[in-house]
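Under my numbering, the first residue of the sequence shown carries the number 116, and numbering increases by one thereafter. Have a look at the structure below, then the notes.
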Amino acid sequence: MGRALCKRLFIRIFVCDKREYVMTERLNIAVVGGGAAGFFAAIAAKQNNPNARVTIFERGQKVLAKVLVTGGGRCNLTNSFARIGDLKQAYPRGDKMMKRLFNVFDHDDTWRWFEERGVKLLTQEDECVFPVSQSAQSVVDALTKEAHRLGVEVRTGHALEGLKPLPNGDLQLEFKSQKSLTFNRVAITTGGSPRAEGLQYLARLGHDIMSPVPSLFTFNIADAAFKALMGTVVEDVTVSIVGTKHKASGPLLITHWGTSGPAILKLSSYGARYVHDCGYRFQIAVNWIGLTNGTLVAEHLQGIVEGNRRKQLLSVHPFGLPSRMWLYILDKTGLGADKRWDELGKKGLNKLVETLTNDLYNVTGKGAFREEFVTCGGVSLTNINLNTMESKVCKNLFFAGEVLDVDAITGGFNLQAAWTTGYVAGKAMSS
116 MGRALCKRLF
126 IRIFVCDKRE
136 YVMTERLNIA
146 VVGGGAAGFF
156 AAIAAKQNNP
166 NARVTIFERG
176 QKVLAKVLVT
186 GGGRCNLTNS
196 FARIGDLKQA
206 YPRGDKMMKR
216 LFNVFDHDDT
226 WRWFEERGVK
236 LLTQEDECVF
246 PVSQSAQSVV
256 DALTKEAHRL
266 GVEVRTGHAL
276 EGLKPLPNGD
286 LQLEFKSQKS
296 LTFNRVAITT
306 GGSPRAEGLQ
316 YLARLGHDIM
326 SPVPSLFTFN
336 IADAAFKALM
346 GTVVEDVTVS
356 IVGTKHKASG
366 PLLITHWGTS
376 GPAILKLSSY
386 GARYVHDCGY
396 RFQIAVNWIG
406 LTNGTLVAEH
416 LQGIVEGNRR
426 KQLLSVHPFG
436 LPSRMWLYIL
446 DKTGLGADKR
456 WDELGKKGLN
466 KLVETLTNDL
476 YNVTGKGAFR
486 EEFVTCGGVS
496 LTNINLNTME
506 SKVCKNLFFA
516 GEVLDVDAIT
526 GGFNLQAAWT
536 TGYVAGKAMS
546 S
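Set out below in structure tokens:
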């Protein structure tokens, strides 16, 4: 009788223990930030562990708000990377991390992921990838529908104020005007913060925070004659920041405040910290024709002289320059549009070569690039296990997206970083 009682007690204890074990096996996961990286992390976590409870917390009233406006509302969601020989070209900060993570989830995986969920994609001539619909809403719909299908819970109006590690390894989240909630695993995907203060709760845990500064913006130039060319686009330009190694090539747009376009936006990303430290007052050198060899440029101009001696300088536009730009360059060099090519002389030729290949401008400030505001800075990658995106400082805490010190030039690269880091973090945190 005693043995039977002991057996029943053993079975009862075993069953209770087993039930308790199953309950604790159901991971309770929080993703803080309802943007691209947050949704991808939540979806990847739920796909990898369907039994897990996954909740996205968004401080605003709408999720994926930034995705809706990126690419002018068309959503440049990735890039073909066909013109990227070295990832440093696309990712001024975080290139080594991205190279490693691309072995797990890259731009080809992104293409397949969205197409499998009904979002047909196309690659433009500039290698940027957009939905065929030309609408960011189709990307947002694919993400929200997949999250809903998998059972990911989404809560808006939840602003995170603090995070506290508990002795058992769980993490307690403190929300503004909300009670504290406890989770087994947490992913921070809150995006770039314009101020370092926004990440102080992570610094208090021991994370190193690289001070956030803007990294995609236009340049203000106070030259009235230059700004009179607003609307002019020069296709093949190389721009450099004088006194540094930072340079970028591509189309340049002259605006009513100064300069914009792909070449300028790339350069602002490459030199983000330098120009911030300069107070956004620095000098740029513009090569209007892309050719860097002054001798070859002079030879080309001399060939024009030989074939157009009696013609006016304004009548022939070298290197395919727009007529307004060519007139501006002639005025700037003091040569005059009415002068004939055979009157150019060696001195005039040298002036043209210098202005075409090394035209200097003083930048007086930065403008806004409202479509895709990006910051460099955030949680230092030295604090992150790059195989899992888990913090080395705080167990069970993961990161993805622009909250990390990783950022890219314009062209779909920043969203690709969100998809990639989100996928890796989501899969790791749910295992």
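Ideal placement from N, C-alpha and C gives every residue a C-beta, glycine not left out.
Can you tell which of the options has the C-alpha that lies nearest to the C-alpha of residue i?
{"i": "Ala378", "options": "Glu350, Gly358, Gly394 and Lys279", "result": "Glu350"}
{"i": "Leu216", "options": "Gly527, Phe397, Ala515 and Gly376", "result": "Ala515"}
{"i": "Thr238", "options": "Gln315, Phe196, Lys362 and Leu317", "result": "Phe196"}
{"i": "Val390", "options": "Thr407, Leu416, Leu368 and His361", "result": "His361"}
{"i": "Tyr395", "options": "Lys342, Asn335 and Pro280", "result": "Asn335"}
{"i": "Glu240", "options": "Ile404, Gln531, Gly526 and His222", "result": "Gly526"}
{"i": "His371", "options": "Tyr385, Met345 and Leu142", "result": "Met345"}
{"i": "Ala340", "options": "Arg439, Leu258, Val352 and Trp403", "result": "Arg439"}
{"i": "Asn498", "options": "His322, Val254 and Thr536", "result": "His322"}
{"i": "Lys177", "options": "Asn194, Asn500 and Gly150", "result": "Gly150"}
{"i": "Lys426", "options": "Arg208, Ala180 and Ala452", "result": "Ala452"}
{"i": "Gly358", "options": "Ser253, Asn143, Thr333 and Phe397", "result": "Phe397"}
{"i": "Ala59", "options": "Leu202, Phe332, Ile324 and Tyr206", "result": "Residue 59 lies beyond the stretch modelled for the chain, which goes from 116 to 546, so this question has no answer here."}
{"i": "Asn194", "options": "Leu530, Ser546, Ala274 and Ser545", "result": "Leu530"}
{"i": "Thr536", "options": "Ser545, Gly376, Ser546 and Leu519", "result": "Leu519"}
{"i": "Leu464", "options": "Asp446, Leu416, Gly373 and Ser430", "result": "Leu416"}
{"i": "Phe528", "options": "Tyr206, Trp441, Lys214 and Leu142", "result": "Tyr206"}
{"i": "Gly233", "options": "Gln252, Asp221 and Met504", "result": "Gln252"}
{"i": "Gly256", "options": "Leu278, Lys279, Glu230 and Thr271", "result": "In the sequence under discussion, the amino acid at residue 256 is Asp, which differs from the Gly named in the question. Checked all of Leu278, Lys279, Glu230 and Thr271; the closest Cα to Asp256 is Glu230."}
So what's residue i in DSSP terms, helix, strand or just coil?
{"i": "Leu192", "result": "coil"}
{"i": "Leu314", "result": "helix"}
{"i": "Thr479", "result": "strand"}
{"i": "Val431", "result": "coil"}
{"i": "Ser506", "result": "strand"}
{"i": "Leu368", "result": "strand"}
{"i": "Leu464", "result": "helix"}
{"i": "Pro437", "result": "coil"}
{"i": "Thr470", "result": "helix"}
{"i": "Met138", "result": "Model confidence at Met138 stands at a pLDDT of 38, short of 50, so the residue's coordinates are unreliable and nothing is read from them."}
{"i": "His307", "result": "At residue 307 the sequence reads Gly, which differs from the His that was named. Gly307: coil per DSSP, three-state reduction."}
{"i": "Val489", "result": "coil"}
{"i": "Gln204", "result": "helix"}
{"i": "Val169", "result": "strand"}
{"i": "Ser545", "result": "coil"}
{"i": "Asn500", "result": "strand"}
{"i": "Leu406", "result": "coil"}
{"i": "Ala339", "result": "helix"}
{"i": "Thr333", "result": "coil"}
{"i": "Leu411", "result": "helix"}
{"i": "Ile324", "result": "strand"}
{"i": "Gln287", "result": "strand"}
{"i": "Val494", "result": "strand"}
{"i": "Val301", "result": "strand"}
{"i": "Leu98", "result": "Since the first residue of the chain shown is 116 and the last is 546, residue 98 is not available in this structure."}
{"i": "Leu296", "result": "strand"}
Let me confirm a value: residue i is counted as buried when at least 16 other C-beta atoms fall within 10 Å, else exposed. Which label applies?
{"i": "Val219", "result": "exposed"}
{"i": "Val539", "result": "buried"}
{"i": "Leu411", "result": "exposed"}
{"i": "Glu276", "result": "exposed"}
{"i": "Pro165", "result": "exposed"}
{"i": "Asp522", "result": "buried"}
{"i": "Glu261", "result": "buried"}
{"i": "Ser292", "result": "exposed"}
{"i": "Gly175", "result": "exposed"}
{"i": "Glu487", "result": "In this prediction, Glu487 has a pLDDT of 48, which is less than 50 and means its spatial position is unreliable; nothing more can be read from the coordinates."}
{"i": "Glu414", "result": "exposed"}
{"i": "Gln249", "result": "exposed"}
{"i": "Gly148", "result": "buried"}
{"i": "Ser506", "result": "buried"}
{"i": "Glu173", "result": "buried"}
{"i": "Gly373", "result": "buried"}
{"i": "Thr305", "result": "buried"}
Can we count residue i as close to the ligand MN, meaning its CB is less than 7 Å from some heavy atom?
{"i": "Glu505", "result": "Because no ligand of any kind appears in the structure shown, any question about the ligand MN cannot be addressed here."}
Task: Contained beta strand (DSSP E) runs [length at least 3] in the region 206-284, N- to C-terminal order - done: Entirely contained in the region 206-284, the beta strand (DSSP E) runs reaching 3 residues are, in chain order, 236-238, 243-246, 268-271 and 275-280.
Open item on the list: Below 8 Å, how does it come out for the region 276-292 and the region 507-517: are there three or more Cβ pairs, yes or no?
Closed with: The region 276-292 makes contact with the region 507-517: 3 or more CB pairs, one atom from each, lie closer than 8 Å.
Task: Segment contact flag, the region 462-476 with the region 292-302, C-beta cutoff 8 Å, min 3 pairs - done: Because the criterion of three Cβ pairs below 8 Å is not met, the region 462-476 and the region 292-302 do not touch.
Open item on the list: Report the start-end ranges of each beta strand (DSSP E) in the region 508-537 that is 3 residues or longer and not cut off at the edges.
Closed with: Uninterrupted beta strand (DSSP E) stretches at least 3 residues long and entirely within the region 508-537 occur at 512-514, given in chain order.
Open item on the list: Check whether the region 176-193 and the region 231-248 touch, using three or more Cβ-Cβ pairs below 8 Å as the test.
Closed with: Three or more beta-carbon pairs drawn from the region 176-193 and the region 231-248 are found closer than 8 Å, and the two stretches are therefore classed as touching.
Open item on the list: For the region 488-500 against the region 325-344, do three or more pairs of beta-carbon atoms, one drawn from each stretch, fall closer than 8 Å, so that the two count as touching?
Closed with: Yes, the region 488-500 is in contact with the region 325-344.
Open item on the list: Threshold first: 3 residues or longer. Then list the beta strand (DSSP E) segments lying entirely within the region 342-367, N to C.
Closed with: Within the region 342-367, the complete beta strand (DSSP E) runs of at least 3 residues are 348-356.
Open item on the list: Under 8 Å, with one C-beta from each stretch per pair, do the region 449-459 and the region 415-424 reach the 3-pair mark?
Closed with: At 8 Å Cβ cutoff, the stretches touch.
- [ ] Just list the beta strand (DSSP E) runs in the region 140-167, keeping only unbroken ones of 3 residues or longer that don't cross its boundaries, in chain order.
- [x] As for any beta strand (DSSP E) of minimum length 3 sitting wholly inside the region 140-167, the runs are 143-147, ordered along the chain.
- [ ] Would you list, in sequence order, the uninterrupted beta strand (DSSP E) runs of no fewer than 3 residues that lie entirely inside the region 367-403?
- [x] Restricting attention to beta strand (DSSP E) runs no shorter than 3 residues, the region 367-403 encloses them at 373-375 and 397-402, ordered along the chain.
TODO: State whether the region 164-181 contacts the region 249-267, with contact taken as three or more CB pairs (one from each stretch) at a distance under 8 Å.
DONE: Under the three-pair Cβ rule at 8 Å, the region 164-181 counts as touching the region 249-267.
Open item on the list: Below 8 Å, how does it come out for the region 532-546 and the region 150-157: are there three or more Cβ pairs, yes or no?
Closed with: Between the region 532-546 and the region 150-157 there are three or more C-beta pairs closer than 8 Å, enough to call the two in contact.
Task: Given 8 Å, three or more beta-carbon pairs between the region 464-471 and the region 402-411 - done: With a cut-off of 8 Å, the region 402-411 and the region 464-471 count as touching, because enough Cβ pairs lie within range.
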